[in-house]
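Chains as they are written, first to last, in the working numbering: chain A, 1 to 319; chain B, 1001 to 1231. From the three backbone atoms N, C-alpha and C, an ideal C-beta is built for every residue, glycine too. Since this is a predicted model, take the numbers as computed values, not measurements. A quick write-up on the structure given underneath.
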Amino acid sequence: MTARTSGLLWLALVAAFTASLLVPLHALLEVDRGLASAVLVELRLPRALLALIYGATLGASGGAIQALFANPLASPDLTGTTSGAALGAVVTAYLFGFAAPIALSIGSVAGALGALVLLITLAGPKAETATLLLSGLAISALAGALTTLALALAPSPFAFYDAYDWLMGSLIDRSLDQAVFAAVPAILVIALLLRLGPALDRLALGEEVAQSLGDNIARLRLMVICLSALGVGACVAICGAIGFIGLIAPIFARRLTRGHPGRAIMASALIGALLLSLADLTVRLAPIGRTLPIGVVTALIGAPFFLWLVAHMRWRLSA
Amino acid sequence: MILDAAGLAIPGRLFDVSLRIAAGELVCLVGPNGSGKTSLLHALAGIGRPAGEVDLDGVDPRTLGPAQRPRYLTYLPATRDVPWPLLARDLIALGGGEATFPALELDGLLDRRVDRLSTGERSRVLIARALAPRPKLLLLDEPTANLDPLWQIRLMELVRQEISVGGRAALVAIHDLDAALRYADRMLVMDRGRIAAESLDGPHVAAIFGIERANGKWRPVNPLADPQSLR
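Shown next, in the form of structure tokens:
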């Protein structure tokens, strides 16, 4: 990534963040100053921050997972990590309630970790695309079914609505404390994943060659899995499951790094943050009278892109 | 001696192998399929967790990280698959060496994606990745596979020339007995995870494989082993 592209990405990110804070502007101008600052600090700031943090975590984790599996179709949502995190959080929420963020985060991270370990067990560390996707699908289906079961056994309709609303993925009505609660592990995870970049690039030469160059592949695999589970889990615990950002961001990012998967992690984090911020702006400005869940928007945009990607790969294989 | 290795072992595949290689030596490793040639290269390259001691010019290369290790040894695996579609230039650079290697005539290939090269072209790029850091010890698994006859000769000559100066050596696993006999300073014959013999005597080595030369061609010693004769 050249300094110029990097600068442009940062600029776009700052623009998106500023827009998240200021749009719509009349809400800040028409009311009295106290209320305006409350809107800005208590409503818009956590939301804009969460969009950046969650998007960047999904981008960085997705990039690292794709590099690890040497597969551009791997991502936290397609490998079942996100659904595992959601299941972990829902189960924890029933035990401790939604008001216990630490328990929720731990449950969510545990769920994400469980899903990734299950994936490696099922598909093997060097899974082909089909095996990887099928295993991810099976894990997602299982986690989804168990989540639905947990919902069906909900102690009260309110608990059900809370859980359902949260599962759809939402950045709305989160406090600044909650944003910080997601941000601390997420920033740590992104920083550590960035440090793994050079090793993930060498992994692109093949596992044996990377080992002969001095990389500890078992440790690298463990690090990527634990870090992405931690990052995605911490974000899912606060904002619910948001799909496809972790798939799309790394694919765009690698166009900026001549295909280097490790070097692309930084760009992937930036693009993920940008995409989720833009998706959130879309949600807020869409003229449909009520708020769309942001997870629905990313899925509506991401799923066709995923289909295009699969078709593209098929054409290339058959060509 | 540039390399002094003792007690190399990988459970089930390699049993207590020791070997020494002098500076400037090209040592060929031959042996039947599954005899442990690749396992021996793995043990020296530090792939997996091999037991044993390795002394390469005073250091155990397996303790070195990615910044130093390519200057001590590089390893070319037998597979020509690359899991990730990089540009040839970037692939060579990731191996820790200069992105070009004039002797391999890569000019037209460097800016192409490795998955879009022919197998032979990709082989040359992968070989360049292993040669470019100019390591003390080259560990090459079937380097001539997929190359056309001219490039097979050029490659072996190139390896010879590379290790002739600077206290360097090469250990080359190879199935082509003629090439091995022609280029090797020494030849190690592996069998069932051990070094079974050391010889440069063609007929002797051939006998270990159960083949002999007749009218300039290799053929099975035991005609019953030849599927043609079973018809």
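*asked:* Below 7 Å on C-beta distance, what does I1047(B) contact in chain E?
replied: Protein chains in the displayed structure are A and B, and chain E is not among them.
_Distance cutoff 8 Å, beta carbons only. Does L1019(B) sit that close to anything in chain A?_
no
*Contact set between the stretch 246–270 of chain A and chain B, restricted to residues whose Cβ is under 9 Å from the partner*: R258, G259, H260, P261
_Three or more C-beta pairs below 8 Å linking the stretch 1051–1066 of chain B and the stretch 1078–1085 of chain B_ = Two segments are said to touch when three or more pairs of C-beta atoms, one from each, lie closer than 8 Å; by this definition the stretch 1051–1066 of chain B does not touch the stretch 1078–1085 of chain B.
*Helix, strand or coil at E1053(B) [DSSP, three-state]*: strand
*Given that a residue counts as buried once 16 or more other Cβ atoms are within 10 Å of its Cβ, and exposed if not, what is T92(A)?*
buried
*Within the chosen definition, does the stretch 290–308 of chain A reach the stretch 1020–1028 of chain B through at least 3 CB pairs nearer than 8 Å?*
no
*Alpha-carbon spacing of A1005(B) relative to L1019(B), whole angstroms*: 5 Å
*Taking DSSP as the reference, what is the three-state secondary structure of V1165(B)?*
coil
*Can you tell which of L13(A), S175(A), A154(A), L171(A) has the C-alpha that lies nearest to the C-alpha of I271(A)?*
L13(A)
*What do you reckon, are the CB atoms on T1119(B) and R1089(B) nearer than 8 Å?*
no
*Residue burial classification, F158(A) (beta-carbon count within 10 angstroms, cutoff 16)*: exposed
*asked:* Between which residues of its own chain and F96(A) is the CB-CB distance below 6 Å, once the five residues before and five after are set aside?
replied: Excluding the 5 residues flanking it on each side, F96(A) has same chain C-beta neighbours closer than 6 Å at A103, in chain order.
*Could you pull out every residue in the same chain whose Cβ sits closer than 6 Å to the Cβ of A154(A), ignoring the five residues on either side in sequence?*
F160
*Check whether the Cβ atoms of S1123(B) and A1103(B) lie closer than 8 Å to each other.*
no
*Could you confirm whether any beta carbon from chain B is found closer than 8 Å to the beta carbon of A70(A)?*
Yes, contact with chain B.
*Along chain B, which residues have their Cβ under 9 Å away from the Cβ of A60(A)?*
Per Cβ cutoff of 9 Å: no residues; A60(A) is ~18 Å from chain B at best.
_Please confirm whether A219(A) has its beta-carbon closer than 8 Å to some beta-carbon of chain B._
What sits at residue 219(A) in the sequence shown is Arg, not Ala. It does not: the Cβ of R219(A) has no partner Cβ on chain B nearer than 8 Å.
_In the DSSP assignment, the alpha helix (DSSP H) including A86(A) goes from what residue to what residue?_
81–96
*Show which residues of chain A have a CB atom less than 8 Å away from the CB atom of G1090(B).*
Reading the sequence as shown, one finds Asp at residue 1090(B) and not Gly. Here the neighbours are R258, G259, H260.
_Closest by C-alpha distance to A1173(B), when choosing among G1012(B), G1034(B), L1008(B)_ = G1034(B)
*N1215(B) classed as buried or exposed, judged by whether at least 16 other C-beta atoms fall within 10 angstroms*: exposed
*asked:* Can you tell me whether A1214(B) is helix, strand or coil according to DSSP?
replied: A1214(B): strand per DSSP, three-state reduction.
_Suppose you measure from the CA of S1164(B) to the CA of L1073(B); what does that come to, to the nearest Å?_
16 Å
_Three-state class that DSSP yields for V23(A) in the structure shown_ = coil
*Three or more beta-carbon pairs under 8 Å between the stretch 207–219 of chain A and the stretch 265–279 of chain A, yes or no?*
Taking a cut-off of 8 Å on C-beta distances, the stretch 207–219 of chain A does not touch the stretch 265–279 of chain A, as fewer than three cross pairs fall below it.
*What are the uninterrupted segments assigned as alpha helix (DSSP H) that are 4 or more residues long and contained completely in the stretch 1031–1093 of chain B, given in chain order?*
1037–1045, 1069–1072
*Roughly how many angstroms separate the alpha carbons of V90(A) and G55(A), rounded to a whole number?*
22 Å
*Which one of A110(A), I53(A), A70(A) has the shortest CA to CA distance from G80(A)?*
A110(A)
_Looking at the strands, I want to know which residues DSSP matches up with C1028(B)._
Looking at the DSSP assignment, C1028(B) forms a beta bridge with V1172(B), M1187(B).
*For D201(A), return the contacting residues in chain B, with the cut-off set at a CB-CB distance below 8 Å.*
L1094
*To the nearest whole angstrom, what separates the beta carbons of G233(A) and A112(A), a pair I think is in contact under 8 Å?*
Contact between G233(A) and A112(A) holds: their C-beta atoms lie close to 4 Å from each other, under 8 Å.
*What's the call for W10(A), buried or exposed, on a 16-neighbour Cβ count within 10 Å?*
So W10(A) ends up on the exposed side.
*Residues in its own chain within less than 7 Å of P46(A) by CB, not counting five upstream and five downstream?*
R174, S175, L176, Q178, A179
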